[in-house]
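Undergrad:
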Amino acid sequence: MSELSETEIEDKVLHYLSTVDMAKNRVVANAIGVEKALVDKAISRLAVADRIEYLYLGTSYIKLKGKP
């Protein structure tokens, strides 16, 4: 399989987050089959772009911005 572009990884992250209430970065990485370090960078870019938000419930989670 060829390497995914940053945009493709971001799209996979957003698609996965649309299927769950919230998730940890490692769970997202495992679910979409992408190296965690690349997922961490994609999540950071999505947070800066205000597409996702962080939740701190004893540990940090991420979720789609505005999703209840």
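Take the sequence shown: its position 60, counted from the start at 1, is 86 in the working numbering, and no numbers get skipped.
We treat Cβ as the ideally placed atom computed from N, Cα and C, and that holds for glycine.
#1: Could you give the first and the last residue of the continuous alpha helix (DSSP H) run that contains Glu29?
#2: When you compare the CB positions of Ala68 and Val39, do they come within less than 8 Å of one another, or not?
#3: Work out the CA separation of Met48 and Tyr80 for me, nearest whole Å.
#4: Please report the residue range of the alpha helix (DSSP H) in which Leu72 lies.
#5: Which whole-angstrom value describes the C-beta separation of Glu51 and Ile88, a residue pair presumed to lie in contact below a C-beta threshold of 8 Å?
#6: Can you list, in chain order, the residues of its chain with a C-beta nearer than 8 Å to that of Arg71? Leave out the 5 residues immediately preceding and following it.
TA: Reading off the structure:
#1: Here Glu29 belongs to no alpha helix (DSSP H), and DSSP marks it neither H nor E.
#2: yes
#3: 9 Å
#4: 62-74
#5: The residue asked about is misnamed: residue 51 is Asn in this sequence, not Glu. 7 Å between Cβ atoms; contact.
#6: Glu32, Glu36
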